[in-house]
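Trainee: So the sequence shown is numbered by the UniProt record's numbering: it starts at 1 and just counts up by one. Note that CB positions come from ideal geometry on N, CA and C, so glycine has one too. Please read these numbers as outputs of a predicted model, since none were measured by experiment. Let me begin by handing over the structure; questions about it come next.
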Amino acid sequence: MSDTASTSFSRRGFIGAAGAGAIAVGLPLAAGVAPAPASAGAAGAFRHGVASGDPLPGGVILWTRVTPTSDATPGSGRGGASTLTWEIASDRGFSRIVASGSTSTDASRDHTVKVDAAGLSPAAVYWYRFRVTGGPAAGAVSPVGRTKTAPAAGADVAQVRFGVASCANWEAGYFGAYRFLAARTDLDAVVFLGDYIYEYAPGEYGGKHGSVRTHEPKHDIVSLSDYRIRHGQYKTDRDLQAAHAQHPFIVTWDDHEVADNQWKGGAENHKPSQGSWTQRKAHADRAYYEWMPVRPQVSADNRHIYRRLAYGKLLELNMLDLRTYRDKEAGRFSPEADDRKRTIMGRRQMEWVKGGITTSTATWQIVGNSVMIAPILVPPLDPARTKELTTLIGVPENGVAFNGDQWDGYTKDRRTLLDAIDRAGKKNVVFITGDIHMSFANDVPRNPANYPGAGTSATEFVVTSVTSNNVDDMVSLPEHSPVGGAASTALETLNHHIRWVDTDAHGYAVMTVTPAAAQMDWYFLVDRADPRTGQYRGQSWKVRSGTRRMVKASGPA
1 MSDTASTSFS RRGFIGAAGA GAIAVGLPLA AGVAPAPASA GAAGAFRHGV ASGDPLPGGV
61 ILWTRVTPTS DATPGSGRGG ASTLTWEIAS DRGFSRIVAS GSTSTDASRD HTVKVDAAGL
121 SPAAVYWYRF RVTGGPAAGA VSPVGRTKTA PAAGADVAQV RFGVASCANW EAGYFGAYRF
181 LAARTDLDAV VFLGDYIYEY APGEYGGKHG SVRTHEPKHD IVSLSDYRIR HGQYKTDRDL
241 QAAHAQHPFI VTWDDHEVAD NQWKGGAENH KPSQGSWTQR KAHADRAYYE WMPVRPQVSA
301 DNRHIYRRLA YGKLLELNML DLRTYRDKEA GRFSPEADDR KRTIMGRRQM EWVKGGITTS
361 TATWQIVGNS VMIAPILVPP LDPARTKELT TLIGVPENGV AFNGDQWDGY TKDRRTLLDA
421 IDRAGKKNVV FITGDIHMSF ANDVPRNPAN YPGAGTSATE FVVTSVTSNN VDDMVSLPEH
481 SPVGGAASTA LETLNHHIRW VDTDAHGYAV MTVTPAAAQM DWYFLVDRAD PRTGQYRGQS
541 WKVRSGTRRM VKASGPA
């Protein structure tokens, strides 16, 4: 998603804001949001915290970073090797250790540690920690992390609840959303939908009134060292550390983990003076895999981040990569958006996701989707009626899109996927999406110009940004101003499948899935520039099983 103040408002179009009722929020809270106390020396050796991710019924990824000496900062290439042990226990006091092992790390991996721990029980809560057994930091013990495994394959599951977040820009605000996610004890995992870091130099992309805090290093990140430094900086945030220590994360990337509006051959925010795009992408990917608790999928000729995780018979979660294989974005008015040869996913990933969804026996097929799949068109057009006109004037056949960086710029890939869903008779496909820094509850229509008559193929929940700018920030207006409200009404009037939109607030969401329904509850921050901000509940929307239709919920699930 393009974020520079000079271009992003025009790129997204004139999208308005919907007010969200500020009400008291009652949430299940953990006993404090800070990571558990560590041993004396751990504050230095384990200054980047601990994390877990990609839970399976019998295992989970564990992550940390060791700082063996004070000069062994991220990206420095300094510091001697370390050996470590890791332990997983069924109790917080570690009196019942159920799995353990040893590993090592050094500067070649930026002193990061990643363990794919196995032999665990399904649907179980565990606690884990690391201990340095050799090297300059020997004796240091990490903070204690908490994690949870997925249910057994084929298990009857009454409920799964995910925290959902995306788009956390260090300079635009504080990560209060992570603090509130960390405070909850009722989540099975946190699903992060991209833009975990931002690549900009200090001051290039701050908040409404400038930068709240300053990026390191002090230039756009390009080299492997740069990306390691930036990842390391983000992981010093106490609220982010607390969220990672409390819940397993299931993550994918969007564009800013490398550069703004990236595609397979380059990016909007990549210049020839910055060197080879291929090399920059390789540096970014390597740092990401080093610093994130993600399990890459490896085949004979490819390593990729798209993958599928199951939660018993209730749901399958398909995490997509919509950046690595995509063609360059089409121009806003260009019929190139309808070109059959253009792809947002790449052919291999398309076959993988089609096959997974259409053959799934789970009740729900959830798709972790970094950019919006529901169309935003001005106005929606019916190709059966207007094809001659759109061909004559040279615009996309379904109407002019606000943002060709989304699935609107790759309409044939969208049609291919939705047609496969329809042919298979799948009625519980739900996309969960980030990127656009706004909140939406969408039906995904077969024909947006003939909605609801032509029916829907799926539904979509879109989560707002943790901190990254949205409409009110771009035009320097207060949140939920009358101007934004009027624009929101216009947007929903043009695109009837958009059932609700809030274009101004920042925060996170909580998704609750049961056999009967999937519901998203949005929670918004009072002030992202306040490190101790409060929160309030925005709205709640749900889709009942088999309906493919969003309805407003009366309260949180």
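Could you check which residue in Gly154, Asp530, Lys354 has the C-alpha nearest to that of Ala424?
Mentor: Residue Lys354 is the option with its Cα nearest to Ala424.
Trainee: Report the three-state DSSP secondary structure of Leu29 (helix, strand or coil).
Mentor: Because the pLDDT at Leu29 is just 48, under 50, the model does not fix this residue reliably, and the point stays unresolved.
Trainee: Go through its chain and collect everything with a Cβ distance to Thr85's Cβ below 6 angstroms, but skip five positions before and after it.
Mentor: These residues qualify, in order along the chain: Ser102, Arg131, Thr133.
Trainee: Below 8 angstroms, how does it come out for the segment 204-223 and the segment 172-182: are there three or more Cβ pairs, yes or no?
Mentor: Yes, the segment 204-223 touches the segment 172-182.
Trainee: Below 7 angstroms CB to CB, which residues in the same chain sit around Leu240 once its five sequence neighbours on both sides are set aside?
Mentor: Once the five neighbours on either side are set aside, the close Cβ partners of Leu240 are Phe175, Tyr178, Tyr234.
Trainee: Start and end of the alpha helix (DSSP H) containing Phe180?
Mentor: Phe180 -> alpha helix (DSSP H) spans 176-182.
Trainee: Which value, in whole angstroms, describes the spacing of the CA atoms of Ala362 and Ala150?
Mentor: Taking the straight line joining both Cα atoms gives about 14 angstroms.
Trainee: To the nearest angstrom, how far is it from the Cα of Glu257 to the Cα of Tyr288?
Mentor: The alpha-carbon atoms of Glu257 and Tyr288 are separated by roughly 8 angstroms.
Trainee: In three-state terms, what does DSSP make of Leu417?
Mentor: Correct three-state label for Leu417: helix.
Trainee: Compare the C-alpha of Asp327 against each of Pro396, Ser299, Asp405, Met550 and name the closest.
Mentor: It is Asp405.
Trainee: Which ranges would you report for the alpha helix (DSSP H) in the segment 181-248 if only whole runs of at least 4 residues count?
Mentor: Entirely contained in the segment 181-248, the alpha helix (DSSP H) runs reaching 4 residues are, in chain order, 224-234, 238-246.
Trainee: Output needed for Ser100: all residues of its chain with C-beta closer than 8 angstroms, excluding positions within five of it in sequence on either side, in chain order.
Mentor: Closer than 8 angstroms at Cβ, skipping near neighbours: Thr85, Trp86, Glu87, Ile88.
Trainee: Does the Cβ of Ala454 have 16 or more other Cβ atoms within 10 Å, making it buried, or fewer, making it exposed?
Mentor: The residue is exposed, with fewer than 16 neighbouring Cβ atoms inside 10 Å.
Trainee: For the beta strand (DSSP E) that contains Val288, what are its first and last residues?
Mentor: It is worth fixing the name first, because residue 288 is Tyr in this sequence and not Val. Not the beta strand (DSSP E): Tyr288 falls in the alpha helix (DSSP H), residues 277-291.
Trainee: Tell me which residues share the same chain as Thr67 and place their Cβ nearer than 8 angstroms to its Cβ, disregarding the 5 neighbours each side in the sequence.
Mentor: Around Thr67: Gly44, Ala45, Phe46, Arg47, His48, Thr73, Gly79, His111, Ala137.
Trainee: The beta strand (DSSP E) spanning Ile357 covers which residue range?
Mentor: Note, Ile357: premise wrong, no beta strand (DSSP E); alpha helix (DSSP H) at 347-359.
Trainee: Within this structure, are the beta carbons of Pro293 and Gly53 separated by less than 7 angstroms?
Mentor: Yes, they are a contact pair.
Trainee: Which partner residues does Pro445 have in the DSSP bridge list?
Mentor: Answer is Thr456.
Trainee: Excluding the 5 residues preceding and the 5 following Pro515 in the sequence, name in chain order all residues of the same chain whose CB lies nearer than 7 angstroms to its CB.
Mentor: Closer than 7 angstroms at the Cβ level, and outside the excluded window around Pro515, lie Leu314, Thr363, Ser545.
Trainee: Grouping DSSP H, G and I as helix and E and B as strand, with all else coil, what is Gln274?
Mentor: Residue state, collapsed to three classes: helix.
Trainee: Below 8 angstroms on the Cβ atoms is my guess for Ile373 versus Val191; work out the distance and round it to an integer in Å.
Mentor: Not quite, the Cβ-Cβ distance comes to about 16 angstroms (not below 8 angstroms), so this is no contact.
Trainee: Helix, strand or coil for Asp44, going by three-state DSSP, please let me know.
Mentor: Inspection of the sequence shows that residue 44 is occupied by Gly rather than by Asp. Helix at Gly44.
Trainee: DSSP three-state call for Lys328: helix, strand or coil?
Mentor: Three-state result, Lys328: coil.
Trainee: Could you pull out every residue in the same chain whose Cβ sits closer than 6 angstroms to the Cβ of Tyr128, ignoring the five residues on either side in sequence?
Mentor: Once the five neighbours on either side are set aside, the close Cβ partners of Tyr128 are Leu62, Ile88, Gly145.
Trainee: Which residues bound the beta strand (DSSP E) around Met319?
Mentor: 315-319 is the extent of the beta strand (DSSP E) around Met319.
Trainee: Taking C-alpha atoms, which residue in Arg96, His247, Ala517, Asn302 lies nearest to Thr185?
Mentor: Among Arg96, His247, Ala517, Asn302, the Cα nearest to that of Thr185 is on His247.
Trainee: How about the segment 520-539 and the segment 490-502: do they share at least three Cβ pairs that are nearer than 8 angstroms?
Mentor: The segment 520-539, when compared against the segment 490-502, does touch it at the 8 angstroms Cβ threshold.
Trainee: Does Ser488 come out as helix, strand or coil in the three-state DSSP assignment?
Mentor: Three-state result, Ser488: helix.
Trainee: Assuming Asp413 contacts Met350 under a Cβ cut-off of 8 angstroms, what Cβ separation, rounded to an integer in Å, is found between them?
Mentor: With 8 angstroms as the limit, Asp413 and Met350 qualify as a contact, their Cβ atoms being about 7 angstroms apart.
Trainee: Taking its Cβ as the centre, do 16 or more other Cβ atoms sit within 10 Å of Gln262, making it buried, or is it exposed?
Mentor: Per the 10 Å Cβ criterion, buried.
Trainee: What do you get for Gln365, buried or exposed, if any count of 16 or more other CB atoms within 10 angstroms of its CB means buried?
Mentor: Answer is buried; the Cβ neighbour count reaches 16.
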